[in-house]
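Visitor: Numbering-wise (the numbering used here), the sequence shown opens with residue 3 and increments by one. Quick one: the structure is below, and I'll ask about it shortly.
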Amino acid sequence: MAVHTFGRLAGGQEVLEISLFGGGLAVDVLSYGAVLRDIRLATADGSRSVVLGYSRLEDYVAHSPYFGALVGRCANRIAGGRFELAGRTVTLDRNEAGRTHLHGGSGGFWGRVWDVVEIEPDAVTLALVSADGDQGYPGTVAVRCRYEVIGAGRLAIELSATTDAPTIVNLAAHSYFDLDRVDTILDHRLLLPADAVTQVDKALIPTGVIAPVHGTALDFRASRPIRDAGAALDLNYVLAMTPVASPRLVARLEGPRSGLALEVHSTEPGLQVYDGNAMHGPVPLADGRPVRRNGGVCLEPQRFPDAVHHPHFPAVVLRPGETYRQRSEYHFMVL
3 MAVHTFGRLA
13 GGQEVLEISL
23 FGGGLAVDVL
33 SYGAVLRDIR
43 LATADGSRSV
53 VLGYSRLEDY
63 VAHSPYFGAL
73 VGRCANRIAG
83 GRFELAGRTV
93 TLDRNEAGRT
103 HLHGGSGGFW
113 GRVWDVVEIE
123 PDAVTLALVS
133 ADGDQGYPGT
143 VAVRCRYEVI
153 GAGRLAIELS
163 ATTDAPTIVN
173 LAAHSYFDLD
183 RVDTILDHRL
193 LLPADAVTQV
203 DKALIPTGVI
213 APVHGTALDF
223 RASRPIRDAG
233 AALDLNYVLA
243 MTPVASPRLV
253 ARLEGPRSGL
263 ALEVHSTEPG
273 LQVYDGNAMH
283 GPVPLADGRP
293 VRRNGGVCLE
303 PQRFPDAVHH
313 PHFPAVVLRP
323 GETYRQRSEY
333 HFMVL
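The structure is reproduced here in structure tokens:
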């Protein structure tokens, strides 16, 4: 374990980087956005980075498409940036084309400096308090995020939240994975044990229909290249209709050139899969490569997008006395 100053924000606030080591992994965590800045896996050919990130704090602040961040208070999209809760209309920051609320708003958790509350040899816990009215959300919410190396090639993410008034919470880890370190992840092989997706409109807002993947290009129940989807992917895969007690397999990704694989295990009922089709940026990644379209793939365990408008979706409302919990794990391996 090591801790150092990664940089300072324009107002002088210090951002720390905490590095964890163990099980053949080296994991770098920032207090800014609870960002997973880098994950490196030991292989016979040396250490291999498997996520996208920047080397400078300034680039995360100005250019990051949520690289490695913990997004919330409510991840994904909320149609119209408004909803009804506890007898009142809640109006949120509409930070996507002036129409949609995305990933907690323009001042979401991904752009805050979190408190580092505990550092252990193989784990770090960060905390954040989101005030009543933050981005329009009701209630004061206290959030915790714990990263822990739990064994050979394994990293666990434990998330929790409580509130003092009814609100909505849906947290998601937003790493972009690239196992091969080439121009595109479209040749990565993907397996998703999901029978359905939440159908969306042109603005990527769910229609409420849960559509079977059988017989469609969206069926990844057998491993196949991401490019076989035939179109850009930014879609929630339906794994269950409620969270489960213990993490189970929700995705498997394989890099055909590197021989590396990742399994994502989670308690969450949904998995947002985004193939990076809108990625671009004026500054290079930490390894010097440019930010390219389809340069990384996001596998984001979470509740369903726009769930607050669809009563048959897994609930995202959090009330006083309740605790939101999520546990997800990344299992990396050499094939």
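We put the CB at the ideal spot given by N, CA and C, even for glycine.
1. Nearest CA to the CA of Trp195: which residue from Ser268, Leu157 and Gly100?
2. With three or more C-beta pairs closer than 8 Å as the rule, is the stretch 88-103 touching the stretch 286-303?
3. So the candidates are Ala317, Arg223 and Leu18; which of them puts its Cα closest to the Cα of Asp117?
4. Give every residue of the same chain whose Cβ lies closer than 6 Å to the Cβ of Val145, excluding the five residues on either side of it in the sequence, and list them in chain order.
5. By the 10 Å Cβ neighbour count, where 16 or more other Cβ atoms means buried, how is Val211 classified, buried or exposed?
6. Taking the C-alpha atoms as reference points, what is the distance between Asp182 and Ser51?
7. Considering His65, what are the terminal residues of the beta strand (DSSP E) in which it resides?
8. Across which residues does DSSP place Thr45 in a beta bridge pair?
9. Counting Cβ pairs, one atom from each stretch, are 3 or more of them under 8 Å apart for the stretch 250-266 and the stretch 308-328?
10. Going by other Cβ atoms of all chains shown within 10 Å of its Cβ, with 16 needed for buried, is Gly48 buried or exposed?
11. Using DSSP bridges, identify the partner residues of Ser330.
12. Cα separation between Leu59 and Gly217?
13. In this structure, how does DSSP classify Phe85 when only helix, strand and coil are distinguished?
14. Can you look up Gln15 in the DSSP assignment and give me helix, strand or coil?
15. What residue range is occupied by the uninterrupted beta strand (DSSP E) comprising Phe8?
16. Checking the sheet assignment: what are the DSSP bridge partners for Asp40?
17. Output needed for Glu16: all residues of its chain with C-beta closer than 7 Å, excluding positions within five of it in sequence on either side, in chain order.
18. Would the C-beta of Pro303 count as close to the ligand PLP, meaning under 6 Å from any of its heavy atoms?
19. By the three-class DSSP mapping on this structure, what secondary structure does Val285 have?
20. What are the start and end residues of each continuous beta strand (DSSP E) run of 3 or more residues lying completely inside the stretch 201-267, in chain order?
21. Using 8 Å as the Cβ pair cut-off and three pairs as the minimum, do the stretch 53-68 and the stretch 93-103 touch?
22. Arg191 and Pro214: beta carbons closer than 7 Å?
23. Quick check: the Cα distance between Arg114 and Tyr34, rounded to an integer number of angstroms?
24. Quick check on Thr325: buried or exposed, where buried means 16 or more other Cβ atoms within 10 Å of its Cβ?
25. Please check the pair Ser225 and Glu270, which I expect to be a contact at CB under 8 Å, by giving their CB distance rounded to whole angstroms.
26. If you follow the beta strand (DSSP E) that Val126 is in, where does it begin and where does it stop?
27. So does the stretch 280-292 actually touch the stretch 243-255, counting three or more Cβ pairs closer than 8 Å?
28. Where does His105 land, buried or exposed, given buried means 16+ other C-beta within 10 angstroms?
Guide: Judging by the given coordinates:
1. The sequence given here places Pro at residue 195; Trp does not occur at that position. Taking only the C-alpha atoms, the option nearest Pro195 is Ser268.
2. no
3. Leu18
4. Leu130 and Ala163
5. Exposed is the call here.
6. One C-alpha to the other measures close to 9 Å.
7. Where His65 is concerned, there is no enclosing beta strand (DSSP E), although the alpha helix (DSSP H) it sits in stretches over Leu59 to His65.
8. For Thr45, which the question treats as bridged, DSSP gives the partners Gly48.
9. no
10. exposed
11. Ile159 and Ser268
12. 45 Å
13. In the structure shown, Phe85 sits in a strand (DSSP, three-state: E or B).
14. coil
15. Element bounds for Phe8: Ala4 to Arg10.
16. Asp30
17. If we look at Glu16 and ignore the five residues flanking it on each side, its Cβ neighbours are Thr7 and Arg10.
18. With respect to the ligand PLP, the structure shown offers nothing to examine, as it has no ligands at all.
19. coil
20. 208-214, 236-240 and 250-256
21. no
22. no
23. Per the coordinates, the alpha-carbon of Arg114 lies some 6 Å from the alpha-carbon of Tyr34.
24. exposed
25. The Cβ separation is near 21 Å, so there is no contact.
26. Ala125 to Ser132
27. no
28. buried
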